[in-house]
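Before any comments, here is the structure.
Numbering (our numbering), first residue to last: 3 to 136.
So, in structure tokens, the structure goes:
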């Protein structure tokens with residue numbers, strides 16, 4: 003049983019943020035590796051591109067579902083090589099300042115999602131406890 007309809011999406015985003023943290027850490031760990039290219043894990047671009055291919059449905063009765071976003075179920079994060087970055091003499095293009103700021107931004111979003119999940123589960127728990135008293 004899930005606390006709310008948004009819980010699964012929150013957990014998906016939490017997993018994405020955890021995986022993105024691994025990619026950023028890998029970039030930082032390879033800062034001195036010759037010819038290493040910066041990588042990134044993108045999800046938002048895939049989500050934006052998916053909205054173009056959603057099938058519109060006709061609603062023949064007001065009780066019918068107005069739209070279904072089936073196109074959103076098959077969207078996975080994609081690992082890409084970041085283009086147009088300045089390379090060092092050894093061919094490496096990792097910028098430590100950029101990666102550290104991306105890591106901090108990712109952690110802030112991770113913490114916010116984690117807080118939302120906790121708040122959502124507390125609300126769900128309070129509903130269960132109050133219904134048990136009746």
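We put the CB at the ideal spot given by N, CA and C, even for glycine.
Cβ neighbours of residue 22 in the same chain (closer than 7 Å, five flanking residues each side left out)
Here residue 22 corresponds to residue number 20 of the chain shown, with the count starting at 1. Only 43, 108 meet the Cβ criterion.
Exposure label - residue 133; buried when at least 16 CB within 10 Å
For this step, residue 133 is matched to residue 131 along the chain shown. With a threshold of 16 other beta carbon atoms within 10 Å, residue 133 falls short and is exposed.
Endpoints, beta strand (DSSP E) assigned at residue 83:
The residue labelled residue 83 in the question sits at position 81 within the chain shown. Segment 80-83, the beta strand (DSSP E) holding residue 83.
Quick check: what's the CA-CA separation for residue 104 versus residue 62?
Here residue 104 refers to the residue found at position 102 of the chain shown. Here residue 62 refers to the residue found at position 60 of the chain shown. Here the alpha carbons of residue 62 and residue 104 stand approximately 47 Å from one another.
Taking Cβ positions, are residue 111 and residue 9 nearer each other than 8 Å?
Locating residue 111 in the chain shown gives position 109, counting from the first residue. Locating residue 9 in the chain shown gives position 7, counting from the first residue. For residue 111 and residue 9, no; Cβs fall outside 8 Å.
Rounded to a whole number of angstroms, what is the C-alpha to C-alpha distance between residue 94 and residue 35?
Working through the chain shown from its first residue, we reach residue 94 at position 92. Working through the chain shown from its first residue, we reach residue 35 at position 33. If I take the Cα positions, the gap works out to 7 Å.
Based on DSSP bridge pairs, tell me the residues matched to residue 42.
Counting from one through the chain shown, the residue named residue 42 turns up at place 40. 82, per the DSSP bridge assignment.
For residue 92, name the three-state secondary structure that DSSP assigns.
Stepping through the chain shown from its first residue, residue 92 is reached at position 90. In this structure, residue 92 counts as coil in the three-state DSSP scheme.
Does residue 55 pass the burial test, meaning 16 or more other C-beta atoms within 10 Å, or should it be called exposed?
Within the chain shown, the letter at position 53 stands for residue 55. Caution applies to residue 55, whose pLDDT of 49 falls short of 50 and renders its modelled position unreliable; the model cannot decide the point.
Counting only the same chain and skipping the five closest in sequence on each side, list residues whose C-beta sits under 6 Å from that of residue 96.
The count along the chain shown starts at 1 and reaches residue 96 at position 94. 29, 33, 40.
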